[in-house]
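Q: One structure, as structure tokens, below. Some questions next.
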Amino acid sequence: MQAINDEIIIVHDVKNTPLVQSLCHEIHLGEAEVIALALECDDPFLLLDDHDTRHVADRFGLPFTGIIGILIRARIDKKIPSLKIELEQLRTVGRFWISDQVMQKALITVGEE
1 MQAINDEIII
11 VHDVKNTPLV
21 QSLCHEIHLG
31 EAEVIALALE
41 CDDPFLLLDD
51 HDTRHVADRF
61 GLPFTGIIGI
71 LIRARIDKKI
81 PSLKIELEQL
91 RTVGRFWISD
101 QVMQKALITV
111 GEE
């Protein structure tokens, strides 16, 4: 709430509620609102990890990345010393499911595998 009070995070209401209702047949309400709101923005870029939501974003031509993409960028920019350690932490501590194939591809991307 402090970030909202300090206007670090700005909350917007979705205008296209019929689209939200329609998308709720495919994805959860919050994700449907994110897609609808992104379509109302001039230059959206979404953080999405849910598989179904990514497909919907693709369908609408919305650009996105996920937490793994952010960590890859952080490793390339030398903001973190090891992508492997971060991904293993996500798997164990965060209980974030990452397939072995995705893990290997990410590590190859940053030269750790």
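When we follow full-length UniProt numbering, the leftmost residue of the sequence shown carries the number 1, and every step to the right adds one.
All residues carry an ideal CB built from backbone N, CA and C; glycine is no exception.
Could you give the DSSP three-state label for leucine 37: helix, strand or coil?
A: Judged by DSSP in its simplified three-state form, leucine 37 adopts helix.
Q: How about the region 79-88 and the region 49-62: do they share at least three Cβ pairs that are nearer than 8 Å?
A: no
Q: Could you tell me the distance, in whole angstroms, from the CA atom of glutamate 113 to the CA atom of histidine 51?
A: 25 Å
Q: Could you check what DSSP says for leucine 71 in three-state terms: helix, strand or coil?
A: helix
Q: Using three-state DSSP, classify leucine 62 as helix, strand or coil.
A: coil
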